[in-house]
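Step one of this worksheet: look at the structure below.
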Amino acid sequence: NAGVTQTPKFQVLKTGQSMTLQCAQDMNHEYMSWYRQDPGMGLRLIHYSVGAGITDQGEVPNGYNVSRSTTEDFPLRLLSAAPSQTSVYFCASRPRRSSYEQYFGPGTRLTVT
Amino acid sequence: EDQVTQSPEALRLQEGESSSLNCSYTVSGLRGLFWYRQDPGKGPEFLFTLYSAGEEKEKERLKATLTKKESFLHITAPKPEDSATYLCAVQLETSGSRLTFGEGTQLTVNP
């Protein structure tokens with residue numbers, strides 16, 4: 001199993017541009033989440049999904065959209081990038097509601113200029 | 001406001017020098033506390049889940065313990081490969097799927 005994969009690893013955007021961060025898992029996990037990690041802030045939840053077709057907002061959802069059309073994929077869309085969205089983004093998955101043994105992807109480092 | 005505080009922010013140890021990392025939380029209705037390890041440039045890696053005060057979990061040189069207001073990650077005779085940032089997170093009975101993470105302790109073990 002590849003586990004949780006994320007693409008791209010690095011990305012530079014200009015203010016106002018849009019892009020999609022890709023996340024895929026091959027472990028048939030129900031739950032998938034997107035976090036951002038900033039110095040001094042810890043990991044913060046952006047959006048999460050409890051299964052295909054079901055998504056919900058986390059702690060810092062503004063400026064981001066998600067959808068979950070399949071169990072495997074959970075893309076994160078930046079609608080109009082802002083410098084405040086410069087961060088490292090992690091996708092995570094876990095197998096069932098009662099388990100918090102999350103598996104994280106390797107991350108995408110995003111810089112918005 | 002629910003908070004998770006980890007201390008110290010950074011810790012330098014000599015190989016073989018045992019120590020503890022602390023995770024304190026000011027929350028009510030704790031459902032679970034989780035420890036992760038994060039290496040530079042990588043995603044966090046799950047270590048332990050603790051659910052109730054008095055519970056302990058062990059893995060190699062690491063032992064995690066939980067009280068009503070804090071958790072400790074004890075590192076016994078650490079090796080340089082234990083160098084990483086250690087994160088703790090809490091999940092509340094009222095927060096559904098959301099985990100609240102601390103900022104982490106950066107551990108460096110010198111040979």
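Keeping their order, the protein sequence lines are chains Y and A.
Going by the numbering used here, the first residue of the first sequence is number 1, and it counts up by one from there.
Going by the numbering used here, the first residue of the second sequence is number 1, and it counts up by one from there.
Idealized CB from N, CA, C, for every residue including glycine.
The stretch 63-73 of chain A / the stretch 18-32 of chain A touching (three or more Cβ pairs under 8 Å): Touching, yes.
At least 3 beta-carbon pairs within less than 8 Å: the stretch 32-43 of chain Y vs the stretch 83-93 of chain Y: Verdict: yes, contact present.
Contact with chain Y by residue 72(A), beta-carbon distance below 8 Å: The Cβ of residue 72(A) sits no closer than 8 Å to any Cβ of chain Y.
Proximity test, Cβ basis, 8 Å: residue 74(Y) and chain A: So no, residue 74(Y) is outside the interface.
Nearest candidate by alpha-carbon position, reference residue 28(Y), set 60(Y), 88(Y), 50(Y) and 12(Y): When C-alpha distances from residue 28(Y) are compared across 60(Y), 88(Y), 50(Y) and 12(Y), the shortest belongs to 50(Y).
Residues bridged to residue 53(A) [DSSP beta-bridge criterion]: In DSSP, residue 53(A) forms no bridge with anything.
8 Å contact criterion, which residue 85(A) and residue 102(A) should meet: CB distance rounded: Actually they are not in contact, since the Cβ atoms of residue 85(A) and residue 102(A) sit about 10 Å apart, beyond 8 Å.
Members of the stretch 72-104 of chain A that neighbour chain Y once the beta carbon cut-off is set at 9 Å: Going along the stretch 72-104 of chain A in chain order, one finds 87, 89, 91, 96, 97, 98, 99, 100, 101, 102, 103 and 104 with a Cβ nearer than 9 Å to chain Y.
Residue from 58(A), 35(A), 80(A) and 64(A) with nearest C-alpha to residue 107(A): Taking the Cα of residue 107(A) as reference, the smallest distance to any Cα among 58(A), 35(A), 80(A) and 64(A) is reached at 80(A).
Sub-8 Å separation of residue 44(Y) and residue 59(Y) beta-carbons: Remark: C-beta atoms of residue 44(Y) and residue 59(Y) approach each other more closely than 8 Å.
Rounded separation between residue 82(Y) and residue 101(Y) - CA only: When rounded, the separation of the alpha-carbon atoms in residue 82(Y) and residue 101(Y) is 32 Å.
Secondary structure of residue 84(Y), DSSP reduced to three states: Judged by DSSP in its simplified three-state form, residue 84(Y) adopts helix.
Below-8 Å beta-carbon distance, residue 64(Y) vs any chain A residue: Not one chain A Cβ lies under 8 Å of residue 64(Y).
Assigned exposure category for residue 54(Y) - 16 Cβ within 10 Å defines buried: By the 10 Å Cβ count, residue 54(Y) comes out exposed.
For residue 40(A), the nearest candidate out of 87(A), 27(A) and 8(A) (CA to CA): Nearest of 87(A), 27(A) and 8(A) to residue 40(A), Cα basis: 87(A).
Integer-rounded CB distance, given that residue 3(Y) should sit under 8 Å from residue 103(Y): Contact annotation, residue 103(Y) with residue 3(Y): C-beta distance approximately 6 Å; criterion of less than 8 Å satisfied.
Residues near residue 34(A) in its chain [Cβ-Cβ closer than 6 Å; skip 5 each side]: Excluding five sequence positions before and after residue 34(A), the CB atoms of its chain that fall closer than 6 Å to its own CB belong to 49 and 89, given in chain order.
Delimiting residues of the beta strand (DSSP E) encompassing residue 110(A): Where residue 110(A) is concerned, the enclosing beta strand (DSSP E) stretches over 105-110.
Pair within 8 Å by beta-carbon distance, residue 113(Y) and residue 15(Y): Closer than 8 Å, so yes.
Interface partners of residue 108(A) on chain Y, CB under 8 Å: Per Cβ cutoff of 8 Å: no residues; residue 108(A) is ~17 Å from chain Y at best.
9 Å Cβ cut-off: residues of chain A touching residue 59(Y): Proximity of chain A to residue 59(Y) at the Cβ level (cut-off 9 Å) is accounted for by 98 and 100, in chain order.
Neighbour flag for residue 101(Y) against chain A, beta carbons, 8 Å: Yes, contact with chain A.
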